[in-house]
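Participant:
Numbering (the numbering used here), first residue to last: 1 to 275.
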């Protein structure tokens with residue numbers, strides 16, 4: 001959207017599956033064939049939609065090298081995926097294959113458009129997501145509120161802006177997409193009224209012995225909330241049961257946890273509702 005190639009109302013022909021090189025990639029939710037908007041693909045977590053959208057960064061029919069380079073620029077260079085954030089805790093860097101490497105091929109980058117085939121930490125994702133909803137500013141993640149001097153006075157730490165990830169206009173569009181996606185689900189029915197709450201579900205195949213399996217899934221939900229001053233907090237929830245063979249879903253298992261924490265945060269932070 002920052003490049004002006006697509007908007008939430010842009011349309012494409014949705015199919016249950018799409019051919020990528022020698023692989024076939026499919027939507028988890030089948031039967032929604034026909035004309036679909038990007039917002040509709042977002043609401044319904046349609047993998048074909050995300051692949052089709054990123055193909056537009058290339059030649060339109062492939063996620064070719066220029067398209068992969070652009071995706072890498074945003075994921076790695078702007079959002080910091082696959083790199084340590086510098087938070088004052090032990091952390092892993094994760095990894096994203098460069099677009100010009102043998103492993104950084106079209107198949108892998110197609111899966112990356114819907115959140116698979118890359119190794120990330122929750123701190124990386126939450127920090128990058130925060131920039132999407134706060135106007136495009138990437139802040140260095142920290143656990144420090146401030147320092148206390150010898151007299152017991154608290155000196156608040158400065159919030160350090162590292163870089164701009166997206167334009168303010170794109171950030172506004174993303175907030176609209178996220179609130180629209182949340183309102184399209186049952187989750188919004190439990191939100192406190194008068195507040196702007198948006199978010200996105202995630203359901204991914206678990207990795208067992210180095211390979212994805214369809215017998216076990218991981219549920220995630222990431223979202224934000226705020227009142228008259230815009231986005232004021234970001235919450236990410238991950239629910240997994242390694243080795244249990246349970247198919248967890250983002251909307252059913254992670255989403256309600258987000259809702260409970262979100263409602264608590266509004267009270268805890270004493271956030272004023274939107275006027």
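Even for Gly, the Cβ is constructed at its ideal location relative to N, Cα and C.
Which of the three DSSP states, helix, strand or coil, is assigned to residue 154?
Facilitator: Here the question's residue 154 lines up with position 154 in the chain shown. Looking at residue 154 - three-state DSSP - the assignment turns out to be strand.
Participant: Give every residue of the same chain whose Cβ lies closer than 7 Å to the Cβ of residue 129, excluding the five residues on either side of it in the sequence, and list them in chain order.
Facilitator: By 1-based counting over the chain shown, the position of residue 129 is 129. So the qualifying residues of the chain are 222, 234.
Participant: Taking C-alpha atoms, which residue in 32, 228, 140 lies nearest to residue 78?
Facilitator: Counted from its first residue, the chain shown places residue 78 at position 78. Nearest option by C-alpha distance: 140.
Participant: Do residue 182 and residue 283 have their beta-carbon atoms positioned less than 8 Å apart in this structure?
Facilitator: A question about residue 283 goes unanswered here, because the residues of the chain that appear run from 1 up to 275.
Participant: Can you tell which of 261, 47, 76, 241 has the C-alpha that lies nearest to the C-alpha of residue 24?
Facilitator: Position 24 of the chain shown, counted from the first residue, corresponds to residue 24. Selected option, being the one with the closest Cα: 47.
Participant: Any Cβ of chain D within less than 8 Å of the Cβ of residue 92?
Facilitator: Here there is only one protein chain, and chain D is not present.
Participant: How about residue 95 and residue 119: are their beta carbons less than 8 Å apart?
Facilitator: Residue 95 sits at position 95 when you count from the first residue of the chain shown. Residue 119 sits at position 119 when you count from the first residue of the chain shown. Against a cut-off of 8 Å, the Cβ pair of residue 119 and residue 95 comes out as a contact.
Participant: In this structure, how does DSSP classify residue 189 when only helix, strand and coil are distinguished?
Facilitator: What you label residue 189 is simply residue 189 of the chain shown in a count that begins at 1. Here residue 189 sits in helix by DSSP.
Participant: So what's residue 195 in DSSP terms, helix, strand or just coil?
Facilitator: Sequence index remark: in the chain shown, residue 195 carries index 195 (1-based). In the structure shown, residue 195 sits in coil (DSSP, three-state: anything other than H, G, I, E or B).
Participant: Quick test of your reading: residue 5 and residue 56, contact by CB under 8 Å. State the CB separation rounded to the nearest angstrom.
Facilitator: Within the chain shown, residue 5 is the residue found at index 5, counting from 1. Within the chain shown, residue 56 is the residue found at index 56, counting from 1. Right, the Cβ-Cβ distance comes to about 5 Å (below 8 Å), so this counts as a contact.
Participant: Residue 291 to residue 258, Cα distance in whole Å?
Facilitator: This structure gives no information on residue 291, because the portion of the chain shown stretches from 1 to 275.
Participant: Taking the continuous beta strand (DSSP E) assigned at residue 234, which residues delimit it?
Facilitator: As a first step, residue 234 is located in the chain shown; it is residue number 234 there, counting from the start. Run containing residue 234: 230-239, per the beta strand (DSSP E) assignment.
Participant: What residues match up with residue 208 in a beta bridge as DSSP calls it?
Facilitator: Here the question's residue 208 lines up with position 208 in the chain shown. BP columns for residue 208 point to 211.
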